[in-house]
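Asker:
Residue numbers (our numbering): 1404 to 1562.
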């Protein structure tokens, strides 16, 4: 008895092979196009023009000598508790005039979460955060005291 796979001509296997390759590529292209819009910053050109100002801001932040430590204490589904510790250049607690935590989704534009945190004298803040979607979020902590400002970035993961 003859094997059914050997009855097909060699050129038909050539078309089957490339047909499978094109089908898999088509599925991958479909998911790539429908799940990510490719835009992470609507004002990328303006931010590129202001790059020197951004570098100057970072240099000013380093001269302040402020230290920021943030850790995720607990994480429930789409919720978590973030512990933030602020210290000045001498290691003493930093009491800012304004402290704002913004959570931004890095892969898509959804409703950002912004929290204004009331100042404390001990420099230790515990913040309960609740996000609309699970996954990775960028936390941007904006700390201001007088005319001085510091921006601290950290990637968080919510299950």
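Note that the Cβ used here is the ideal one computed from N, Cα and C, for glycine as well.
Please read all numbers here as calculations on a predicted model, not as lab measurements.
Taking residue 1539 as part of the alpha helix (DSSP H), name the residues at either end of that continuous run.
Answerer: Element bounds for residue 1539: not the alpha helix (DSSP H) but the beta strand (DSSP E), 1538 to 1548.
Asker: Can you tell me whether residue 1510 is buried or exposed, with buried defined as 16 or more other CB within 10 angstroms of its CB?
Answerer: Under this definition residue 1510 is an exposed residue.
Asker: So, for residue 1621: in the same chain, excluding its five sequence neighbours on each side, which residues have a beta-carbon less than 6 Å away from its beta-carbon?
Answerer: Residue numbering for the chain in the displayed model covers 1404 to 1562; residue 1621 lies beyond these limits and cannot be assessed.
Asker: Leaving out five residues on either side along the sequence, give the residues of the same chain with a beta carbon under 7 Å from the beta carbon of residue 1480.
Answerer: Here the set comprises 1537, 1562.
Asker: The beta strand (DSSP E) spanning residue 1531 covers which residue range?
Answerer: 1527 to 1533 is the span of the beta strand (DSSP E), which, as asked, contains residue 1531.
Asker: Would you call the region 1493 to 1501 and the region 1519 to 1528 in contact, with 3 or more CB pairs under 8 Å?
Answerer: The answer is yes - the region 1519 to 1528 touches the region 1493 to 1501, with three or more Cβ pairs under 8 Å.
Asker: When DSSP builds the beta bridges, which residues end up paired with residue 1471?
Answerer: Its beta-bridge partners are 1489.
Asker: When the Cα atoms are used, what is the spatial distance from residue 1546 to residue 1434?
Answerer: Straight-line Cα distance between these residues: approximately 39 Å.
Asker: Taking only the alpha-carbon atoms, compute the straight-line gap between residue 1417 and residue 1559 and give it to the nearest angstrom.
Answerer: Those two C-alpha atoms are separated by around 47 Å.
Asker: Secondary structure at residue 1484, three-state DSSP: helix, strand or coil?
Answerer: Three-state DSSP puts residue 1484 in a strand.
Asker: Of all the options 1428, 1526, 1476, 1414, which has the alpha carbon lying nearest to the alpha carbon of residue 1496?
Answerer: Residue 1526 is the option with its Cα nearest to residue 1496.
Asker: Looking at the strands, I want to know which residues DSSP matches up with residue 1498.
Answerer: Paired residues: none, contrary to the question.
Asker: To the nearest angstrom, how far is the alpha carbon of residue 1450 from that of residue 1421?
Answerer: One C-alpha to the other measures close to 44 Å.
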